[in-house]
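The numbers in the UniProt record's numbering rise by one with no breaks, and the one at position 14 of the sequence shown is 14.
Even glycine gets a Cβ: it sits at the ideal position worked out from N, Cα and C.
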Amino acid sequence: MWDYVKECPDAEETITKYGNLRTLFTSMEQHLLHSLDLFSLSDLVRVHNKDMSTLLEPIVYFAKCHIEVCEVRFIF
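Rendered as structure tokens:
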């Protein structure tokens, strides 16, 4: 999803209740965006405490909503 959001010019103007869509992604720890199999110790603690989904669910939800209705189409 990050690959799409970072390239989409409309993502900068997509406002969620948590802020700008692109800013939601860039405010995340960068390793979560760039490595699917790299986790920090704090990530593992979040998973154990069941806080990781609280962090990721809004980002995934708003990105999915944007991608489904976005008129800009990319081929990856």
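Three-state secondary structure assigned by DSSP to residue i
i: residue 16; result: strand
i: residue 37; result: coil
i: residue 72; result: coil
i: residue 29; result: coil
Proximal residues to residue i (C-beta, below 7 Å), its chain only, five neighbours per side dropped
i: residue 38; result: 31
i: residue 72; result: 8, 9, 10
i: residue 70; result: 8, 10
Close beta carbons around residue i, own chain, < 8 Å, minus the five adjacent residues each side
i: residue 64; result: 1
i: residue 82; result: The structure shown does not extend to residue 82, since the chain is modelled only from 1 to 76, so the question has no answer here.
Where the alpha helix (DSSP H) through residue i begins and ends
i: residue 58; result: 52–69
i: residue 3; result: 2–7
Any contact of the segment 19–36 with the segment 53–69, i.e. 3+ C-beta pairs under 8 Å? yes
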